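The numbering used here numbers the first residue of the sequence shown as 50 and each following residue consecutively. To keep things clear, I will list the structure first and then write my remarks on it.
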Amino acid sequence: MTPLRTALATAVDRLTAAGVDSPEHDARALAVHVLGLKRPSDLLMLDHLDQAQARAYEAVVARRAQRVPLQHLTGWVGFRYLELEVGPGVFVPRPETESVVQWAVDAVKAEGWTAPLCVDLCTGSGTMAFALANEVPGAIVHAVERDSDALAWTRRNVAHRVAAGDPEVVLHLGSAEDALPGLDGTLDLVVSNPPYVATSETHIPDPEVLDHDPALALWAGEDGLDVIRLVEQAARRLLRPGGLVVVEHSDRQGTAAPALFTGAGGWSEVADHRDQTGRDRYVTARWTGVAS
(Lines of atoms letter the chains of each structure in order from A and count residues from 1; the text may use other names and numbers.)
(Lines give C-alpha, C1' and ligand atoms only; values in the text may rest on other atoms or scores of the structure.)
Protein backbone atom coordinates (compact mmCIF):
# COMPACT_ATOMS: atom_id res chain seq x y z
CA MET A 1 0.00 0.00 0.00
CA THR A 2 1.22 3.49 -0.89
CA PRO A 3 -0.09 6.53 0.98
CA LEU A 4 -2.02 8.70 -1.47
CA ARG A 5 -0.41 11.83 -0.09
CA THR A 6 3.04 10.40 -0.79
CA ALA A 7 2.08 9.35 -4.32
CA LEU A 8 0.70 12.81 -5.08
CA ALA A 9 3.75 14.59 -3.67
CA THR A 10 6.08 12.38 -5.70
CA ALA A 11 4.05 13.05 -8.83
CA VAL A 12 4.12 16.81 -8.26
CA ASP A 13 7.90 16.74 -7.85
CA ARG A 14 8.33 14.71 -11.01
CA LEU A 15 6.05 16.92 -13.10
CA THR A 16 7.68 20.07 -11.75
CA ALA A 17 11.10 18.76 -12.71
CA ALA A 18 9.79 17.99 -16.20
CA GLY A 19 8.64 21.59 -16.68
CA VAL A 20 4.89 20.94 -16.63
CA ASP A 21 3.07 24.24 -16.12
CA SER A 22 0.49 23.01 -13.59
CA PRO A 23 2.07 20.09 -11.75
CA GLU A 24 -0.27 20.00 -8.76
CA HIS A 25 -3.41 20.20 -10.89
CA ASP A 26 -2.16 17.54 -13.29
CA ALA A 27 -1.03 15.20 -10.51
CA ARG A 28 -4.48 15.31 -8.97
CA ALA A 29 -6.27 15.02 -12.32
CA LEU A 30 -4.27 11.93 -13.19
CA ALA A 31 -5.03 10.39 -9.81
CA VAL A 32 -8.74 11.01 -10.34
CA HIS A 33 -8.46 9.35 -13.75
CA VAL A 34 -6.52 6.30 -12.58
CA LEU A 35 -8.78 5.75 -9.58
CA GLY A 36 -11.98 6.13 -11.58
CA LEU A 37 -13.24 9.06 -9.52
CA LYS A 38 -15.51 11.87 -10.67
CA ARG A 39 -13.78 14.93 -9.25
CA PRO A 40 -10.58 15.92 -7.40
CA SER A 41 -12.47 16.38 -4.14
CA ASP A 42 -13.18 12.64 -4.15
CA LEU A 43 -9.49 12.11 -3.38
CA LEU A 44 -10.20 13.31 0.14
CA MET A 45 -12.04 10.06 0.79
CA LEU A 46 -8.96 7.92 0.09
CA ASP A 47 -5.85 7.30 2.15
CA HIS A 48 -3.86 4.73 0.20
CA LEU A 49 -3.30 3.24 -3.24
CA ASP A 50 -3.08 -0.49 -3.61
CA GLN A 51 -0.17 -1.99 -5.52
CA ALA A 52 -1.95 -2.05 -8.90
CA GLN A 53 -3.22 1.51 -8.50
CA ALA A 54 0.22 2.76 -7.50
CA ARG A 55 1.80 1.16 -10.56
CA ALA A 56 -0.85 2.55 -12.89
CA TYR A 57 -0.51 6.02 -11.39
CA GLU A 58 3.28 5.98 -11.64
CA ALA A 59 3.04 4.94 -15.30
CA VAL A 60 0.63 7.71 -16.30
CA VAL A 61 2.63 10.33 -14.38
CA ALA A 62 5.73 9.19 -16.25
CA ARG A 63 3.97 9.80 -19.58
CA ARG A 64 2.86 13.25 -18.46
CA ALA A 65 6.46 13.97 -17.44
CA GLN A 66 7.36 13.15 -21.05
CA ARG A 67 5.00 16.03 -21.93
CA VAL A 68 2.20 13.92 -23.34
CA PRO A 69 -0.83 16.25 -22.96
CA LEU A 70 -2.91 15.68 -19.87
CA GLN A 71 -6.04 15.44 -22.01
CA HIS A 72 -4.54 12.66 -24.12
CA LEU A 73 -3.96 10.67 -20.94
CA THR A 74 -7.41 11.22 -19.43
CA GLY A 75 -9.18 11.10 -22.80
CA TRP A 76 -11.31 14.18 -22.31
CA VAL A 77 -11.28 17.95 -21.82
CA GLY A 78 -13.69 20.21 -19.98
CA PHE A 79 -14.97 23.17 -21.99
CA ARG A 80 -17.62 25.50 -20.56
CA TYR A 81 -20.51 23.17 -19.62
CA LEU A 82 -19.28 20.20 -21.66
CA GLU A 83 -16.86 17.30 -21.50
CA LEU A 84 -15.44 16.40 -24.91
CA GLU A 85 -13.38 13.41 -25.96
CA VAL A 86 -9.95 14.28 -27.32
CA GLY A 87 -6.73 12.44 -28.07
CA PRO A 88 -3.99 12.01 -30.67
CA GLY A 89 -5.03 13.48 -34.01
CA VAL A 90 -7.14 16.39 -32.78
CA PHE A 91 -6.36 19.83 -31.37
CA VAL A 92 -6.91 20.09 -27.62
CA PRO A 93 -9.29 22.99 -26.84
CA ARG A 94 -7.85 25.81 -24.75
CA PRO A 95 -9.60 27.84 -22.03
CA GLU A 96 -9.17 31.11 -23.95
CA THR A 97 -11.65 29.89 -26.57
CA GLU A 98 -14.38 30.01 -23.93
CA SER A 99 -14.46 33.81 -24.22
CA VAL A 100 -15.05 33.48 -27.98
CA VAL A 101 -18.07 31.27 -27.36
CA GLN A 102 -19.36 33.63 -24.70
CA TRP A 103 -19.34 36.50 -27.17
CA ALA A 104 -21.27 34.38 -29.69
CA VAL A 105 -23.86 33.29 -27.12
CA ASP A 106 -24.35 36.86 -25.90
CA ALA A 107 -24.57 38.20 -29.46
CA VAL A 108 -27.29 35.75 -30.47
CA LYS A 109 -29.28 36.67 -27.38
CA ALA A 110 -28.85 40.39 -28.03
CA GLU A 111 -30.04 39.97 -31.63
CA GLY A 112 -33.13 38.10 -30.48
CA TRP A 113 -32.59 35.26 -32.93
CA THR A 114 -34.85 32.35 -31.97
CA ALA A 115 -33.48 29.69 -34.33
CA PRO A 116 -30.09 30.92 -35.53
CA LEU A 117 -28.36 29.05 -38.34
CA CYS A 118 -24.70 28.69 -37.38
CA VAL A 119 -21.48 27.09 -38.58
CA ASP A 120 -18.20 26.36 -36.82
CA LEU A 121 -15.41 26.39 -39.40
CA CYS A 122 -12.23 24.44 -38.56
CA THR A 123 -14.18 22.77 -35.77
CA GLY A 124 -11.57 20.24 -34.57
CA SER A 125 -13.16 18.22 -31.79
CA GLY A 126 -16.33 20.28 -32.22
CA THR A 127 -15.61 22.62 -29.34
CA MET A 128 -17.52 25.73 -30.34
CA ALA A 129 -20.18 23.89 -32.33
CA PHE A 130 -21.19 21.71 -29.39
CA ALA A 131 -21.10 24.68 -27.01
CA LEU A 132 -23.49 26.62 -29.26
CA ALA A 133 -25.83 23.67 -29.58
CA ASN A 134 -25.78 23.29 -25.80
CA GLU A 135 -26.23 26.95 -24.87
CA VAL A 136 -28.28 28.58 -27.65
CA PRO A 137 -31.91 27.41 -27.64
CA GLY A 138 -33.17 26.52 -31.11
CA ALA A 139 -29.78 26.85 -32.79
CA ILE A 140 -29.14 24.80 -35.91
CA VAL A 141 -25.41 24.16 -35.92
CA HIS A 142 -23.11 22.86 -38.65
CA ALA A 143 -19.45 22.00 -38.08
CA VAL A 144 -16.78 21.80 -40.78
CA GLU A 145 -13.36 20.13 -40.45
CA ARG A 146 -10.86 19.28 -43.20
CA ASP A 147 -8.87 16.68 -41.24
CA SER A 148 -10.54 13.26 -41.24
CA ASP A 149 -8.57 12.19 -38.15
CA ALA A 150 -9.90 15.16 -36.20
CA LEU A 151 -13.42 14.60 -37.49
CA ALA A 152 -13.36 11.06 -36.11
CA TRP A 153 -13.15 12.61 -32.63
CA THR A 154 -15.94 15.04 -33.50
CA ARG A 155 -18.19 12.14 -34.45
CA ARG A 156 -17.59 10.54 -31.07
CA ASN A 157 -18.58 13.77 -29.40
CA VAL A 158 -21.75 14.06 -31.48
CA ALA A 159 -22.90 10.75 -30.08
CA HIS A 160 -22.13 11.84 -26.51
CA ARG A 161 -23.86 15.19 -26.83
CA VAL A 162 -26.99 13.73 -28.42
CA ALA A 163 -27.13 11.14 -25.65
CA ALA A 164 -26.90 14.01 -23.16
CA GLY A 165 -29.94 15.66 -24.74
CA ASP A 166 -28.36 18.33 -26.96
CA PRO A 167 -29.51 18.92 -30.55
CA GLU A 168 -27.38 17.06 -33.09
CA VAL A 169 -24.61 19.09 -34.73
CA VAL A 170 -24.35 18.39 -38.47
CA LEU A 171 -20.77 17.44 -39.40
CA HIS A 172 -19.04 18.06 -42.72
CA LEU A 173 -15.64 16.89 -43.93
CA GLY A 174 -14.18 19.72 -45.96
CA SER A 175 -12.23 22.95 -46.01
CA ALA A 176 -13.41 26.29 -44.70
CA GLU A 177 -13.29 28.01 -48.08
CA ASP A 178 -15.61 25.44 -49.70
CA ALA A 179 -17.94 24.93 -46.75
CA LEU A 180 -21.72 24.57 -47.12
CA PRO A 181 -22.18 25.84 -50.70
CA GLY A 182 -25.90 25.14 -50.51
CA LEU A 183 -26.32 27.61 -47.66
CA ASP A 184 -24.76 30.70 -49.23
CA GLY A 185 -26.31 33.90 -47.93
CA THR A 186 -28.45 32.20 -45.27
CA LEU A 187 -26.39 31.88 -42.07
CA ASP A 188 -26.82 34.07 -39.02
CA LEU A 189 -23.51 33.24 -37.35
CA VAL A 190 -20.07 32.00 -38.38
CA VAL A 191 -17.61 31.06 -35.64
CA SER A 192 -14.09 29.77 -36.07
CA ASN A 193 -10.94 28.92 -34.17
CA PRO A 194 -8.70 28.36 -37.20
CA PRO A 195 -4.98 27.60 -37.34
CA TYR A 196 -3.14 30.88 -36.73
CA VAL A 197 0.48 30.12 -35.87
CA ALA A 198 2.96 31.73 -38.27
CA THR A 199 5.56 29.42 -39.77
CA SER A 200 8.19 31.86 -38.50
CA GLU A 201 7.10 31.24 -34.89
CA THR A 202 9.54 28.41 -34.22
CA HIS A 203 10.01 29.51 -30.60
CA ILE A 204 6.86 27.75 -29.32
CA PRO A 205 8.18 26.20 -26.09
CA ASP A 206 5.52 23.63 -25.22
CA PRO A 207 6.16 20.06 -26.37
CA GLU A 208 2.46 19.42 -25.81
CA VAL A 209 1.78 21.77 -28.73
CA LEU A 210 4.65 21.06 -31.11
CA ASP A 211 4.74 17.29 -30.62
CA HIS A 212 1.07 16.46 -30.16
CA ASP A 213 -1.29 19.02 -31.69
CA PRO A 214 -1.86 18.24 -35.41
CA ALA A 215 0.17 20.43 -37.76
CA LEU A 216 -2.99 21.20 -39.74
CA ALA A 217 -4.46 22.79 -36.62
CA LEU A 218 -1.44 25.02 -35.98
CA TRP A 219 0.37 26.44 -38.97
CA ALA A 220 -1.09 29.17 -41.18
CA GLY A 221 1.56 30.68 -43.41
CA GLU A 222 4.25 33.28 -42.89
CA ASP A 223 2.02 35.74 -41.03
CA GLY A 224 -0.33 33.21 -39.43
CA LEU A 225 -3.33 34.70 -41.22
CA ASP A 226 -3.67 32.38 -44.22
CA VAL A 227 -6.62 30.42 -42.81
CA ILE A 228 -8.26 33.48 -41.24
CA ARG A 229 -8.31 34.95 -44.76
CA LEU A 230 -10.16 31.85 -45.97
CA VAL A 231 -12.60 32.07 -43.06
CA GLU A 232 -13.31 35.73 -43.89
CA GLN A 233 -14.03 34.80 -47.50
CA ALA A 234 -16.28 31.93 -46.46
CA ALA A 235 -18.13 34.10 -43.94
CA ARG A 236 -18.94 36.79 -46.49
CA ARG A 237 -20.33 34.08 -48.78
CA LEU A 238 -22.31 32.23 -46.12
CA LEU A 239 -23.77 35.03 -44.01
CA ARG A 240 -27.03 36.78 -44.74
CA PRO A 241 -27.01 40.58 -44.52
CA GLY A 242 -26.73 41.46 -40.84
CA GLY A 243 -25.12 38.14 -39.93
CA LEU A 244 -22.19 37.98 -37.54
CA VAL A 245 -18.74 36.39 -37.55
CA VAL A 246 -16.33 35.76 -34.69
CA VAL A 247 -12.83 34.41 -35.30
CA GLU A 248 -10.19 33.53 -32.73
CA HIS A 249 -6.64 34.64 -33.47
CA SER A 250 -3.19 34.80 -31.92
CA ASP A 251 -2.53 37.34 -29.18
CA ARG A 252 -0.04 38.85 -31.64
CA GLN A 253 -2.74 39.47 -34.27
CA GLY A 254 -4.95 41.94 -32.40
CA THR A 255 -4.30 44.57 -35.07
CA ALA A 256 -3.68 42.41 -38.14
CA ALA A 257 -6.82 40.26 -37.88
CA PRO A 258 -9.30 43.17 -37.64
CA ALA A 259 -7.41 44.95 -40.44
CA LEU A 260 -7.97 41.93 -42.63
CA PHE A 261 -11.76 42.32 -42.27
CA THR A 262 -11.70 46.09 -42.61
CA GLY A 263 -9.51 45.90 -45.70
CA ALA A 264 -11.68 43.23 -47.33
CA GLY A 265 -14.70 45.55 -47.37
CA GLY A 266 -18.33 44.66 -46.84
CA TRP A 267 -18.00 44.43 -43.06
CA SER A 268 -19.26 46.78 -40.37
CA GLU A 269 -18.76 46.87 -36.61
CA VAL A 270 -15.30 45.30 -36.94
CA ALA A 271 -13.84 45.03 -33.44
CA ASP A 272 -11.18 43.12 -31.59
CA HIS A 273 -11.62 41.64 -28.13
CA ARG A 274 -9.47 40.34 -25.30
CA ASP A 275 -9.78 37.03 -23.49
CA GLN A 276 -10.02 36.48 -19.74
CA THR A 277 -6.24 36.90 -19.39
CA GLY A 278 -6.34 40.34 -21.03
CA ARG A 279 -4.73 39.24 -24.29
CA ASP A 280 -6.00 40.11 -27.76
CA ARG A 281 -7.93 37.00 -28.75
CA TYR A 282 -10.75 37.36 -31.31
CA VAL A 283 -12.22 39.60 -33.98
CA THR A 284 -15.92 40.15 -34.63
CA ALA A 285 -17.78 41.79 -37.51
CA ARG A 286 -21.20 42.14 -39.11
CA TRP A 287 -21.77 41.37 -42.80
CA THR A 288 -23.44 44.28 -44.58
CA GLY A 289 -24.45 42.25 -47.60
CA VAL A 290 -22.68 44.72 -49.87
CA ALA A 291 -19.26 43.60 -51.13
CA SER A 292 -16.89 46.40 -52.04
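Think of the CB as a built atom: it goes at the ideal place given N, C-alpha and C, for glycine as much as any other residue. Please read these numbers as outputs of a predicted model, since none were measured by experiment.
Query: Ranges of the beta strand (DSSP E) found wholly within the region 149–205, counting only runs of at least 3; Result: 166–170, 189–194
Query: Expected contact under 8 Å - CB spacing of L166 and H97 to nearest Å; Result: Not really, about 55 Å apart at Cβ, beyond 8 Å.
Query: Entirely enclosed beta strand (DSSP E) segments - the region 264–304, minimum 3 residues; Result: 288–297
Query: Whole runs of the alpha helix (DSSP H) within the region 304–332, excluding any shorter than 4 residues; Result: 305–313
Query: Under 8 Å between C-beta atoms of D329 and D300; Result: yes
Query: Pair within 8 Å by beta-carbon distance, T333 and V295; Result: yes
Query: Cβ-Cβ distance between G175 and A192 below 8 Å; Result: yes
Query: Sub-8 Å separation of P243 and A269 beta-carbons; Result: yes
Query: G127 (DSSP reduced to helix, strand or coil); Result: strand
Query: Cβ pair S249, E217 closer than 8 Å; Result: no
Query: Alpha helix (DSSP H) segment containing D237, residue limits; Result: Premise fails: D237 lies in the beta strand (DSSP E), 236–241, not in any alpha helix (DSSP H).
Query: Sheet register partners of A334 (DSSP bridge); Result: V294
Query: DSSP-derived helix/strand/coil call for V72; Result: The amino acid at residue 72 is misidentified as Val; the sequence shows Pro. Correct three-state label for P72: helix.
Query: Simplified DSSP state of V109, which is helix, strand or coil; Result: helix
Query: Integer Cβ distance of D237 from R286, believed to fall under 8 Å; Result: Not confirmed; about 14 Å, so no contact.
Query: Given Q151 as reference, the closest of V246, S224, Y331, W162 once Cα atoms are compared; Result: Y331
Query: Where T51 falls: helix, strand or coil (DSSP); Result: strand
Query: T337 beta carbon less than 8 Å from that of G312; Result: no
Query: Per-residue DSSP class, three states only, for E226; Result: helix
Query: Reduced DSSP category for E217 - H, G, I as helix; E, B as strand; rest coil; Result: coil
Query: Identity of the residues DSSP links to L134 by a beta bridge; Result: The amino acid at residue 134 is misidentified as Leu; the sequence shows Glu. For E134, which the question treats as bridged, DSSP gives the partners W125.
Query: Buried or exposed by the 16-neighbour rule on C-beta atoms within 10 Å, applied to R195; Result: buried
Query: Contacting residues, own chain, Cβ-Cβ under 8 Å from R205 (five flanking each side not counted); Result: E134
Query: Within 8 Å, strictly: CB atoms of G136 and G124; Result: yes
Query: Spatial distance of A306 from V168 (CA atoms); Result: 20 Å
Query: Cβ-Cβ distance between L122 and L64 below 8 Å; Result: no
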